[in-house]
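Okay, so here's the structure we're looking at.
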Amino acid sequence: MHPKEFKKTKNGTGRLTHLSLPNSELYIDIDFSDHRAINALIDDDNNLCYVLYPGKNSLNLNQQKIEAEGKQVVIFIIDSTWPCSVKMLRLSKNIQNLPKVSFTHSKSSQFRIKEQPKEFCLSTIESTLSILELLNEQGAEEIAQGSFEHFLDPFTSMVEYQIGCASRSNESVRFIKRD
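Structure representation (structure tokens):
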């Protein structure tokens with residue numbers, strides 16, 4: 039997670055994603071090249087590591103299956119703005135060298151309080167849900183049926199709350215005179 043995203047306590051979907059996934063880990067930095075815990079995950083022969091990042095050389099999980107062959111699939115998800123993610127990936131040589139995975143979708147982002155740079159862009163939590171659903175369908179993850187049913191509820195509540203706050207900010211403010 040980019041440090042700027044970490045500071046966005048009011049609408050940070052990376053933090054919501056982490057809180058929604060008990061087996062996730064959250065690391066804050068720009069360059070993870072020398073990050074001990076990340077390098078340990080990458081270097082572990084029992085892990086099959088990828089980074090979620092679109093591109094012409096990425097493995098589209100809608101079209102191809104991850105062949106885990108008994109290994110634990112580890113997906114690194116960069117939580118930042120698109121311009122910052124480019125910089126993070128460029129600086130973090132360890133993550134940059136991982137194979138990339140992506141997906142295609144037909145839905146627009148439900149992050150209505152934030153304009154996405156392109157139509158295909160989703161928030162971190164929406165992207166994570168898409169990846170988890172695909173990995174589960176492929177058998178690369180074993181996720182109990184119904185686990186995704188309420189996954190986006192905190193995100194949806196946050197968006198609705200922000201929209202409510204924005205609409206109320208346009209109302210006139212009344213002060214009650216106290217003795």
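The sequence shown maps to residues 39 to 217 in my numbering.
By construction, the Cβ of each residue, glycine as well, lies at the ideal position given by its N, Cα and C atoms.
Small disclaimer: the values here were computed from a predicted structure and weren't measured.
By the 16-neighbour rule on beta-carbons within 10 angstroms, phenylalanine 186 is exposed.
Pairing serine 96 with serine 140 gives a Cβ-Cβ distance under 8 Å. Of the other Cβ atoms in all chains shown, 16 or more fall within 10 Å of the Cβ of glutamate 164; this residue is therefore buried.
If only complete runs of 4 or more residues are kept, the segment 130 to 199 shows the alpha helix (DSSP H) at 131 to 134, 162 to 176, in order along the chain. By the 16-neighbour rule on beta-carbons within 10 angstroms, tyrosine 65 is exposed.
For isoleucine 66, there is no enclosing alpha helix (DSSP H), as DSSP gives it neither H nor E. Using a Cβ distance threshold of 8 Å, valine 112 and leucine 86 count as a contacting pair.
Using a C-beta cut-off of 8 Å, the segment 67 to 77 makes contact with the segment 125 to 136, since at least three inter-stretch Cβ pairs fall below that distance. Secondary structure note for isoleucine 76: its alpha helix (DSSP H) is the uninterrupted segment 74 to 81. Here the segment 191 to 202 lies against the segment 142 to 149, with 3 or more beta-carbon pairs under 8 Å apart. Between glycine 50 and the set Asp117, Gly177, Leu172, Gln110, the nearest pair of CA atoms involves Asp117.
Around the beta-carbon of arginine 53, 16 or more other beta-carbon atoms lie within 10 Å, marking it buried.
Judged by DSSP secondary structure, leucine 86 falls within the beta strand (DSSP E) whose first and last residues are 85 to 90. Between asparagine 98 and threonine 142, the CB-CB gap stays under 8 Å.
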